[in-house]
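Structure record follows, encoded as structure tokens.
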Amino acid sequence: MRRLAFSLILLIAVCTTMQAAIVDFVCDGDTLSIRIEESVAPETAGYFLQMIGDNLFNNTTITVDSSGFAWIDIAPESLRQVEAMPSFSDTLFVEVCPDSLGLDTLIVANSEYRDLLPATSPMQNQSVKNLLLALNYAFSDSLSSIQPDYGTLAFTPLQPRPFFIVTRPEGAPWLTGRCVVLGIVVKGMEIVSKPQASKLKISSATIR
């Protein structure tokens, strides 16, 4: 009994001292730090952290647009043509509802994915949902509970550059349920909060 009590105390101590992962993007000499909320969107957060570990954001850019979003670009080699791209070895779950996005009716040729395929590819006439399923995506019934407010990191399967930071001061409430919020900027929000469109060079992206 004493040993069991000690084990429970130790488990509680470990759980209370565990900290969320922090991702640091070094952009043009400044650091943008994002706390990843793995407990809220574990599948999508795990996917994002895996991409960081695979260095898929190193030497890329963050594109800040004038509509209130900052898009995190992915290394060009990871965006090779889909027909030459193997499907993910493990099923990639994302906590978003495909029906709310209309992925089953959005045709690849009319989407942001069209440039990843040859113009003559039969997949151009398929739905984006079918394309993502071919890449071993799966959609979770458990949706992210964090609202896409100012300073949040979110994921959308609507385009091949899926990760973005909300820079609109009023947030993006119309995206609730249409994206997966998986993190919150904890340092350097001023780097991406610019009124004009711009590009920031990412020299490195690390996890701590």
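By my numbering, the letter at position 96 of the sequence shown is numbered 96, and the numbering carries on one by one without gaps. Backbone N, C-alpha and C define an ideal beta-carbon position, used for all residues, glycine too.
Query                                                                                                                                                                    : Result
Within the same chain, show all residues whose beta-carbon is closer than 7 Å to that of A109, passing over the 5 residues directly before and after it, in chain order. : Q124 and N125
Whole angstroms is fine: what's the gap from V185's alpha carbon to K129's?                                                                                              : 30 Å
Using 10 angstroms around the beta-carbon of G183, count the other beta-carbons present and answer buried if the total reaches 16, otherwise exposed.                    : buried
Nearest-angstrom Cα distance between V192 and D104?                                                                                                                      : 33 Å
If we count the other Cβ atoms within 10 Å of its Cβ and call it buried at 16 or more, is G151 buried or exposed?                                                        : buried
If you run the structure through DSSP and keep just helix, strand and coil, what is P199?                                                                                : Here residue 199 is Lys; the residue named in the question, Pro, does not match the sequence. K199: strand per DSSP, three-state reduction.
Assign R114 to one of three DSSP states: helix, strand, or coil.                                                                                                         : helix
Quickly, what does DSSP pair K187 with across the bridge? List them, please.                                                                                             : S33
Using the three-state DSSP reduction, which class does D44 fall into: helix, strand or coil?                                                                             : One point to set straight first is that residue 44 is Thr, not Asp, in the sequence displayed. Helix, per DSSP.
Expressed to the nearest angstrom, what Euclidean distance is found between the alpha-carbon atoms of K201 and L56?                                                      : 14 Å
Are D65 and A154 touching if we call contact CB-CB under 8 Å?                                                                                                            : no
Which stretch, first to last residue, makes up the beta strand (DSSP E) that contains T152?                                                                              : T152 to F155
Would you call the CB atoms of V132 and P157 closer than 8 Å?                                                                                                            : Note on identity: in this sequence residue 132 is Leu, with Val being the wrong assignment. Yes, Cβ-Cβ distance for L132 and P157 is below 8 Å.
Indicate whether C27 and I74 have their beta-carbon atoms separated by less than 8 Å.                                                                                    : no
Do you know offhand how far E210's Cα is from A45's?                                                                                                                     : Limits of the chain in this structure are 1 at one end and 208 at the other, which puts residue 210 out of reach.
Mind checking I34: buried by the 16 CB within 10 Å criterion, or exposed?                                                                                                : buried
Taking C-beta to C-beta, are T176 and F69 nearer than 8 Å?                                                                                                               : no
Just grab the DSSP bridge partners of T167 for me.                                                                                                                       : According to DSSP, T167 bridges with nothing at all.
So who's on the other strand from T60, going by DSSP bridges?                                                                                                            : I202
Any idea what DSSP makes of A109, helix, strand or coil?                                                                                                                 : helix
Which residues mark the beginning and the end of the beta strand (DSSP E) in which C27 is found?                                                                         : I22 to C27
For E112, which residues from the same chain have a beta carbon less than 8 Å from its beta carbon, with the 5 sequence-adjacent residues on both sides left out?        : L158, Q159, P160 and R161
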